[in-house]
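Those protein sequence lines, which keep their order, are chains U and W. Counting from 1, one number per residue, gives the positions in the first sequence under this note's numbering. Counting from 1001, one number per residue, gives the positions in the second sequence under this note's numbering. Think of the CB as a built atom: it goes at the ideal place given N, C-alpha and C, for glycine as much as any other residue. Small disclaimer: the values here were computed from a predicted structure and weren't measured.
There are 2 protein chains.
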Amino acid sequence: MSEIADRAGAVLTIDLDAVVANWRLLAKRMRRGARCAAVVKADAYGLGADRVAPALRAAGCNRFFVATIDEGAALRPLLPGAEIFVLSGPYRHTEGDFVEHGLVPVLNSPEQIDDWAAFARARGSRTPAALHLDTGMSRLGLSHGQAEAVAESTATLAAIQPILVMSHLACADLPEHPLNRRQLAAFTAARALFPGVEGSLAASSGLFLGEEWHADWGRPGAALYGVQPRPDRPNPMAHVVRLEGRIIQVRDVDAGDTVGYGATHRVADRGKLAVVAVGYADGLFRSLSSRWHGFVGGVRVPLVGRVSMDLIIFDVSGLPGETARPGALIELLGPGNTIDEMGMAAATIGYEVLTSLGRRYCRRYLGGPAG
Amino acid sequence: MSEIADRAGAVLTIDLDAVVANWRLLAKRMRRGARCAAVVKADAYGLGADRVAPALRAAGCNRFFVATIDEGAALRPLLPGAEIFVLSGPYRHTEGDFVEHGLVPVLNSPEQIDDWAAFARARGSRTPAALHLDTGMSRLGLSHGQAEAVAESTATLAAIQPILVMSHLACADLPEHPLNRRQLAAFTAARALFPGVEGSLAASSGLFLGEEWHADWGRPGAALYGVQPRPDRPNPMAHVVRLEGRIIQVRDVDAGDTVGYGATHRVADRGKLAVVAVGYADGLFRSLSSRWHGFVGGVRVPLVGRVSMDLIIFDVSGLPGETARPGALIELLGPGNTIDEMGMAAATIGYEVLTSLGRRYCRRYLGGPAG
């Protein structure tokens, strides 16, 4: 078989040193005494948790958050000495999985708390867990009244050892939104129910709201991977991702020719098109049809017509000579066409660009732990 | 470890018998003498080529199309006696992969033809391939002039044995679009350059344009998987996919409470929300925010607020008693909320819904080859 880098439709380069640099930058920004965890759920936002998490572990990160038991179990052997929290918490009959794989559940509801307490009693030992409080997002977590009931139940607290009290901000990317301060107040009130237990409130954007929101643990995810945490300011995070698509074919077109499905693009002048082996099955959203651009040697080339399942088409008329030729690469994501910009062009956010990154790409990692 | 079906955030059920029934229906619709292949690229449109393709093979399908060498190589041992065509064709230095894995290249460009001919000469045997003609989509394929040059080159045809001449329709889902007839005419003219070689023009929607478009081989993909091939008519295809998301938590909410990121949804009346462990990292597009609905026991429940990475929220106030409870399932895709409808709600098409189906789902297959 040929080399994967020679036959893949695209090459996705992931800079692990940039991820580590982003984590260090955020850790340094935390208020004095507070520490920085890392959110590596959804396969580290599509970038490969099996590579990203060990790189952060080697840099000193010792607390990780995943969404599911399976994500946690897969990472457990790769993160010796680190804590792994599972945000969805246990479903009934999965409590044993947490002990088996050394995972800490985030308990979101009275039912999860009751089940975990019953499980701990049956085990005969007080078992650590995080408590998730809902402070205004109406998603996962205990209401204030439910948190009070937990705090007042000596039976529950004899079985469960809360090691973290956490909540999640709904509008952290909108610094002026009044909900940010309301959530902070609700979090502070609920935390007071559990004296001596550490707290965590802010994810990537929340860390930029100010130190009041930092509590004891930051939980950045997106910003580690280069997503802009504050849309109203220049992006302080290093670029992590580069995506280059391979040209299968270059064709001459004439004025009036139509391009792609639905014949939505009409060629204005005689020129050249390059067909690239990436499509919406690779996470290059169909909503980017005629709304994205690549770069070849610093020259911008517009994506024309509809995104197909496995193919996209660029107008490469502006490229000199034989620059666009079969086998050559067009940069689809990079410093000049970022994940945030792609999110905007696709009417979504950079987060979804990341989690949709394709499985058919040849993935290359730069940096990371030596050896 | 617990059972995956007990801990996965969603269960995706794929009915292989329905895929086979759809293939048979299309094969029966073909004009007399014409046959039906199956397109299983992009992991059989996200449904698992390793399960879908063998089911079709057992039903008698003996010709398959994939997008890439890797897809073909993975399927080769699972499809004894069947042909596997690779639509992207060879990149330079990958020609040997085709012979090694028993794959037939689709040659799209003069460069691919020259390279394949050189490869065949070096091997010392005339080597089969498909020729792809561009008839008006300006995507992959030879122009008419390039096809003429191939047909006139005795040296090329001494090295390459064309076993299929194919093209692809740009507007087959728009039956009245004039490009359909223009592409048919161009295809007929180009085919005449290669007498005795079989032809293939129509994919799912094209098969419904009429027998003139059927040529010798149909190449359906989407319709096999239940996508509506003719948006202007009732869907003749059987449903293949069912997706059920698991409730993590049910919460009471009051009038005025806001829900999810950005606090975009405001609760109108006291009621109940269910948080489900599926999000855009699982392919449930963020563009479905407040634009989708699930079903529980036949009762429609609206998705409210923004789709998060790993979570969605439904208003389950309309459900009786304890129907919505942690661990219970909400149908996210099924006969009452189809892939085509989800595509429309997300401003895309059913095809992209399929290819985005998540990797964290518990996948269950119904039917398929015995044993």
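Outcome for V422 (chain U) when other beta-carbon atoms lying within 10 angstroms are tallied against a minimum of 16: As shown, chain U starts at 1 and ends at 371. That puts residue 422 (chain U) outside it, with no answer to give.
Of all Cβ atoms in chain U, is any one closer than 8 Å to the Cβ of L1179 (chain W)? yes
So, is the C-beta of G1371 (chain W) closer than 8 Å to a C-beta in chain U? Residue confidence for G1371 (chain W) is low, a pLDDT of 48 falling below 50, so the modelled location carries little weight and cannot support an answer.
What did DSSP end up calling M1166 (chain W) once you bin it into helix, strand or coil? strand
Given 8 Å, three or more beta-carbon pairs between the region 122-133 of chain U and the region 158-172 of chain U: yes
Kindly list the residues whose CB is nearer than 6 Å to the CB of L1142 (chain W), restricted to its own chain and excluding five residues on each side of it in sequence; keep chain order. L1133
Whose CA, out of W:L1107, W:L1079, W:P1080, lies closest to the CA of R1092 (chain W)? W:L1107
Just curious, the beta strand (DSSP E) that F1194 (chain W) is in, first and last residue? Here F1194 (chain W) belongs to no beta strand (DSSP E), and DSSP marks it neither H nor E.
What separation, rounded to the nearest whole angstrom, lies between the Cα atoms of R1230 (chain W) and S1205 (chain W)? 6 Å
What separation, rounded to the nearest whole angstrom, lies between the Cα atoms of V1301 (chain W) and E1211 (chain W)? 43 Å
I'd like to know whether the C-beta atoms of A1055 (chain W) and V1011 (chain W) end up nearer to each other than 8 Å. no
For W1170 (chain W), return the contacting residues in chain U, with the cut-off set at a CB-CB distance below 8 Å. The question names Trp, yet the displayed sequence has Ala at residue 1170 (chain W). Within chain U, the residues near A1170 (chain W) are T258, G260, Y261, G262, A263.
What does P1077 (chain W) touch in chain U if you count any residue whose Cβ is under 8 Å from its own? Near P1077 (chain W) there are no residues of chain U at all, since even the closest Cβ is about 14 Å away, more than 8 Å.
7 Å Cβ cut-off: residues of chain W touching H93 (chain U): S1002, D1006
Top-ranked residue by Cα proximity to E198 (chain U), from U:P234, U:D216, U:Q146: U:D216
In DSSP terms, what T1338 (chain W) is bridged to: Bridge partners of T1338 (chain W): none, in fact.
Let me make sure I understand the geometry here. Which of U:L329, U:A159, U:H239, U:I312 has the alpha-carbon closest to that of F119 (chain U)? U:A159
Can you tell me whether DSSP reads V1150 (chain W) as helix, strand or coil? helix
Going by beta carbon distance, what residues of the same chain come within less than 6 Å of R51 (chain U), once the five residues before and after it are set aside? Y365
Are the C-beta atoms of L1107 (chain W) and some chain U residue less than 8 Å apart? no
Check whether the Cβ atoms of E1083 (chain W) and N1062 (chain W) sit closer than 8 Å, and answer yes or no. yes
Counting only the same chain and skipping the five closest in sequence on each side, list residues whose C-beta sits under 7 Å from that of R191 (chain U). V165, G199
Hey, is G367 (chain U)'s beta-carbon within less than 8 Å of any beta-carbon in chain W? no
By the DSSP assignment, the alpha helix (DSSP H) with A1058 (chain W) in it spans what residues? 1049-1058
Please name the residue or residues paired with I84 (chain U) in a DSSP beta bridge. U:F64
Indicate the three-state DSSP secondary structure (helix, strand or coil) for L303 (chain U) in the structure shown. strand
If you count every other CB in all the chains shown that lies within 10 Å of the CB of Q161 (chain U), and 16 or more means buried, which is it? exposed
Which residues in chain W have a C-beta closer than 7 Å to the C-beta of M137 (chain U)? List them in chain order. G1260
Other residues of its chain near L1311 (chain W): CB distance less than 8 Å, five sequence neighbours each side excluded: I1248, V1275, V1276, A1277, V1278, G1279
is_contact[Y1225 (chain W), chain U] using C-beta, thresh 8 Å: no
In chain order, each beta strand (DSSP E) run of at least 3 residues that lies wholly inside the region 255-335 of chain U: 271-276, 293-296, 299-302, 312-315, 329-333
Would Q183 (chain U) pass as a contact of L169 (chain U) if the rule is Cβ separation under 8 Å? yes
For G218 (chain U), three-class secondary structure by DSSP: strand
Sufficient close CB pairs (3 or more, under 8 Å) joining the region 251-267 of chain U to the region 223-243 of chain U: no
Limits of the unbroken beta strand (DSSP E) element including P1105 (chain W): 1104-1107
Rounded distance between the beta-carbons of G1294 (chain W) and L1303 (chain W), thought under 8 Å: 7 Å
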